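Protein chains: 2
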Amino acid sequence: MKFQIQRDKLVDGVNDVIKAVSSRTAIPILSGIKITAHDEGITLTGSDSDISIESFIPKEEDGKEIVNVEQTGGIVLQAKFFESIVKKLPLDTVEIEVHSHLQTVIRSGKSEFNLNGQDVNEYPRLPEIEEDSVLKIPTNLLKTMIRQTVFAVSASETRPILTGVNWTVEDGMLNCVATDSHRLAMRKAPINGGNGEPYKAVIPGKSLNELNKILDDTADETEIVMTENQVLFRAKHVLFFSRLLEGNYPDTSRLVPSESKTEMTIGGKDFLQAIDRASLLAREERNNVVKLHISEQGGVQISSNTPEIGKVVEEVQSDATTGEELTISFSAKYMMDALKVLEGAETNIQFTGAMRPFVLRPTGDDSILQLITPVRTY
Amino acid sequence: MKFQIQRDKLVDGVNDVIKAVSSRTAIPILSGIKITAHDEGITLTGSDSDISIESFIPKEEDGKEIVNVEQTGGIVLQAKFFESIVKKLPLDTVEIEVHSHLQTVIRSGKSEFNLNGQDVNEYPRLPEIEEDSVLKIPTNLLKTMIRQTVFAVSASETRPILTGVNWTVEDGMLNCVATDSHRLAMRKAPINGGNGEPYKAVIPGKSLNELNKILDDTADETEIVMTENQVLFRAKHVLFFSRLLEGNYPDTSRLVPSESKTEMTIGGKDFLQAIDRASLLAREERNNVVKLHISEQGGVQISSNTPEIGKVVEEVQSDATTGEELTISFSAKYMMDALKVLEGAETNIQFTGAMRPFVLRPTGDDSILQLITPVRTY
Numbered sequence: 366m367k368f369q370i371q372r373d374k375l376v377d378g379v380n381d382v383i384k385a386v387s388s389r390t391a392i393p394i395l396s397g398i399k400i401t402a403h404d405e406g407i408t409l410t411g412s413d414s415d416i417s418i419e420s421f422i423p424k425e426e427d428g429k430e431i432v433n434v435e436q437t438g439g440i441v442l443q444a445k446f447f448e449s450i451v452k453k454l455p456l457d458t459v460e461i462e463v464h465s466h467l468q469t470v471i472r473s474g475k476s477e478f479n480l481n482g483q484d485v486n487e488y489p490r491l492p493e494i495e496e497d498s499v500l501k502i503p504t505n506l507l508k509t510m511i512r513q514t515v516f517a518v519s520a521s522e523t524r525p526i527l528t529g530v531n532w533t534v535e536d537g538m539l540n541c542v543a544t545d546s547h548r549l550a551m552r553k554a555p556i557n558g559g560n561g562e563p564y565k566a567v568i569p570g571k572s573l574n575e576l577n578k579i580l581d582d583t584a585d586e587t588e589i590v591m592t593e594n595q596v597l598f599r600a601k602h603v604l605f606f607s608r609l610l611e612g613n614y615p616d617t618s619r620l621v622p623s624e625s626k627t628e629m630t631i632g633g634k635d636f637l638q639a640i641d642r643a644s645l646l647a648r649e650e651r652n653n654v655v656k657l658h659i660s661e662q663g664g665v666q667i668s669s670n671t672p673e674i675g676k677v678v679e680e681v682q683s684d685a686t687t688g689e690e691l692t693i694s695f696s697a698k699y700m701m702d703a704l705k706v707l708e709g710a711e712t713n714i715q716f717t718g719a720m721r722p723f724v725l726r727p728t729g730d731d732s733i734l735q736l737i738t739p740v741r742t743y
Numbered sequence: 366m367k368f369q370i371q372r373d374k375l376v377d378g379v380n381d382v383i384k385a386v387s388s389r390t391a392i393p394i395l396s397g398i399k400i401t402a403h404d405e406g407i408t409l410t411g412s413d414s415d416i417s418i419e420s421f422i423p424k425e426e427d428g429k430e431i432v433n434v435e436q437t438g439g440i441v442l443q444a445k446f447f448e449s450i451v452k453k454l455p456l457d458t459v460e461i462e463v464h465s466h467l468q469t470v471i472r473s474g475k476s477e478f479n480l481n482g483q484d485v486n487e488y489p490r491l492p493e494i495e496e497d498s499v500l501k502i503p504t505n506l507l508k509t510m511i512r513q514t515v516f517a518v519s520a521s522e523t524r525p526i527l528t529g530v531n532w533t534v535e536d537g538m539l540n541c542v543a544t545d546s547h548r549l550a551m552r553k554a555p556i557n558g559g560n561g562e563p564y565k566a567v568i569p570g571k572s573l574n575e576l577n578k579i580l581d582d583t584a585d586e587t588e589i590v591m592t593e594n595q596v597l598f599r600a601k602h603v604l605f606f607s608r609l610l611e612g613n614y615p616d617t618s619r620l621v622p623s624e625s626k627t628e629m630t631i632g633g634k635d636f637l638q639a640i641d642r643a644s645l646l647a648r649e650e651r652n653n654v655v656k657l658h659i660s661e662q663g664g665v666q667i668s669s670n671t672p673e674i675g676k677v678v679e680e681v682q683s684d685a686t687t688g689e690e691l692t693i694s695f696s697a698k699y700m701m702d703a704l705k706v707l708e709g710a711e712t713n714i715q716f717t718g719a720m721r722p723f724v725l726r727p728t729g730d731d732s733i734l735q736l737i738t739p740v741r742t743y
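Residue numbers (the working numbering), protein chains in the order written: chain L, 366 to 743; chain U, 366 to 743.
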């Protein structure tokens, strides 16, 4: 294998695939990045066997030469060293050449590295995915949907299925749901493609977080292929594979209350800041709980009291309140997480009493829903 | 105590004094910030008993009212909570009022905090410093001198005196020296003021690092008062006190070789980057050692070899080399630290053989010197 390449394109590719490489891997060769030079250009691969990422660097782009392949072939190089080397090389072009015994020379200007490589044939193969039907969604919408749900997955492995986001596709709608059993986040949006059949997949939260980092914020479509135990996302020059979680995701449709006793409409940004302040003195405590009071006259107050430190009272201006007077306590962190993904929009909150979960939605928008279970206080 | 204050000015003051506040303090009241309201304005104080910082916020600045003191007095409030509260308050002005039983109300718009305060009379007094003579130096020069020396102090407490920087003032020159016994950094510059007598002080590296963070990068002078066991730095609106280290600083004047056998002049920036790359594969190892070879023909090569990973060779373009051929090994970290504070300037390096310390100086500038002890390799 021997090729010359534009260093910035190589750095971009390495930055993508290294997100799948774990330093603590049970399979030693997976601590490396696989590099193959072929007739179309260079392909880089990183994997921790749960997630695999493949980045393709074409020989030419916009009429400019990016890669010159003198000899095709492949090698696996230690990801950590390879990454820091290509980032720090002195010139804009790099030459990479494999000699005998897997000795790999990386050359740029008067800088020359000799790395011990590993045999490319020992690198695990990527999952083979049959592309009988492909779903398509604008990449920026996909990123938004991930961000609006993935934060609510469970951080605990007690119920592994809850560490993933439940994706269902039916009648041209993609529905994403995450819950850690204390709160729930839902987002739905139209999706293109597919063969009319419904799809179901529970995608690990970790995979979606990494995917979100790699995808550019563009209106170009990302293609999605779902199989029994793998999902593939394909964007420009990047393939992202993730294994799926096994098991049945709980039925969450009946968690959302269908009626409400108290309702409030409020500016999301001011409310978020007031909750943030009200929780300042409560953060030391494990619970981080604040109290919300909606009076019969429509006044809204958030408060917390940590006797050894002090107390705080915030008056909040609501746009409208209806229904019964209410005093309810909840995790400030959960409320702030939910308000953050609503991005400051005017928010409608429906309560069904102090002991029942309550629901946040942007006013007049049913595509997104956040549900939070209150905290019992005595 | 009762006053109203511009929130941004209060935040600036808190940001300064909180640098002296440690969360792990043996004296509980020192986890607080002392606030006093008096006829001239507001004074904030933070201290960990080694370092004390006082910030003054005047009633008026440039004809604009900053503080309105309704009632003078003082209180001590938990630093961590007070800091996060003032940063997050909703409006541009804040009112702080002490009620009975040290209950302190912080009010901004519809946000109201009640904090349990501590008695201001229980806060330790700042050291009293007799200002019989004051030294003066431009603040940006002071910051540069700190940065160019403090990194070389010892991180180990085996010889506590080496954790400080040795400051001496004589004949209108301030001389700063730091060494961890493997390398040494020296910087000198003219200083104004004083009463003609020589001064000596070993200032803790930690204090100088904090001082450097607080001082603005301005040509305005900072005033310095040195006493037996304390030093005071006075900049606009800020007083910074540090205790001094006790004991005799070793005589470092004879460590610097007076002659050289090999000499090299080199661009500081390219050399730094080459050392950085050459050390990439050696970082795993505890030593992080690279080898420098200067040939009789004047060629300069940096290399390192970590058999299990690979090796690297860097050819460096030197502006001039004279004297004997040389092969010498040293810590890449020490070399990079030294080159960084020389800020990319053309650098002259004088060697006296592979086992003797070598000296770096910017070409034609005797005010700064970096000395590094080589590493013996077998």
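Positions of the beta carbon are idealized from the N, C-alpha and C atoms, including for glycine.
This one's a predicted model, so the numbers in the text were calculated from it and none came from an experiment.
- Against L/Gln443, the close residues of chain U are Ile674, Gly675, in the order they occur along the chain (beta-carbon pairs closer than 9 Å).
- At a Cβ-Cβ threshold of 8 Å, U/Thr504 and U/Asp427 do not count as neighbours.
- With a cutoff of 8 Å on beta-carbon distance, L/Phe606 and L/Leu576 are scored as not near each other.
- When the Cα atoms are used, U/Ser396 and U/Leu609 turn out to be separated by approximately 22 Å.
- Contacts with chain U (Cβ-Cβ distance below 7 Å) from the region 469-496 of chain L involve Lys475, Ser476, Glu477, Phe478, Asn479, Leu480, Asn481, listed in chain order.
- A residue is called buried once 16 or more other Cβ atoms fall within 10 Å of its Cβ, and L/Arg490, having fewer, is exposed.
- Pairing L/Thr738 with L/Arg619 gives a Cβ-Cβ distance that is not under 8 Å.
- Taking one beta carbon from each stretch, the region 452-463 of chain U and the region 651-659 of chain L have fewer than 3 pairs nearer than 8 Å; the two do not touch.
- Of all residues in the region 446-472 of chain U, the ones placed with a Cβ closer than 7 Å to any Cβ belonging to chain L are Phe446, Ser449, Ile450, Lys453, Pro455, in chain order.
- In chain order, Val677, Glu679 place their CB closer than 8 Å to the CB of U/Arg642, counting only its own chain and leaving out the 5 sequence neighbours on each side.
- Taking a Cβ-Cβ threshold of 9 Å, the residues of chain U close to L/Val678 are Lys475, Ser476, Glu477, Phe478, Asn479, in chain order.
- Cβ-Cβ distances below 6 Å link U/Gly633 to Leu704, Leu707, Gly709, Ala710, Thr712 in the same chain, with the five nearest sequence neighbours on each side left out; the list follows chain order.
- The alpha carbon of L/Thr717 has as its nearest neighbour, out of L/Ile659, L/Asp635, L/Glu487, L/Asn479, the alpha carbon of L/Ile659.
- Contact of U/Asp702 with chain L is not assigned, every C-beta pair being separated by 8 Å or more.
- In the assembly as shown, U/Met551 is a buried residue. Its beta-carbon has 16 or more other beta-carbons within 10 Å.
- Close to U/Leu645, with beta-carbon spacing below 9 Å, are these residues of chain L in chain order: Phe446, Ser449, Ile450, Lys453, Phe478.
- The beta carbon of U/Arg512 sits closer than 7 Å to those of Asn577, Val706, all from its chain and outside the five residues before and after it, given in chain order.
- Cβ atoms of L/Thr742 and L/Ser694 come within 8 Å of each other, at about 5 Å.
- Around the beta carbon of L/Pro727, a 10 Å sphere encloses 16 or more other beta carbons of the protein chains shown; the residue is thus reported as buried.
- The beta carbon of L/Gly675 sits closer than 8 Å to the beta carbons of Leu646 from its chain, once the five residues preceding and following it are set aside; these are given in chain order.
- Along the region 627-644 of chain U, the positions whose C-beta sits under 9 Å from a C-beta of chain L are Asp635, Gln638, Ala639, Asp641, Arg642, Ala643, read in chain order.
- Leaving aside the five residues that flank U/Gly558 on each side, the residues in its chain whose CB is nearer than 6 Å to its CB run, in chain order, Val499, Leu500, Lys501.
- For the region 395-461 of chain L, the continuous alpha helix (DSSP H) assignments of 4+ residues that do not extend past its boundaries occur at 444-453, in sequence order.
- Going by C-alpha positions, U/Thr401 is about 36 Å away from U/Val534.
- Burial check for L/Asn560: the Cβ neighbour count within 10 Å stays below 16, so the residue is exposed.
- If you check the CB distance, U/Ile579 and U/Ile418 come in under 8 Å.
- Taking a contact to require three or more Cβ pairs closer than 8 Å, the region 434-453 of chain L and the region 382-392 of chain L qualify as touching.
- Going by DSSP, L/Gln371 is part of the beta strand (DSSP E) stretching over 367-371.
- The closest CA to that of L/Ile416, considering only L/Leu736, L/Arg648, L/Gln595, is found on L/Gln595.
- As the crow flies, the alpha-carbon of L/Asp616 is around 14 Å from that of L/Arg524.
- Residue pairing of U/Ala685 in beta bridges, as defined by DSSP: U/Thr630.
- By the criterion of a C-beta distance shorter than 7 Å, L/Val518 is surrounded in its chain by Leu527, Thr528, Gly529, Val530, Ala543, Asp545, Gly570, once the five residues flanking it on both sides are discounted.
- With a cutoff of 8 Å on beta-carbon distance, L/Val451 and L/Val379 are scored as near each other.
- The Cβ-Cβ distance between L/Ile398 and L/Gly411 falls below 8 Å.
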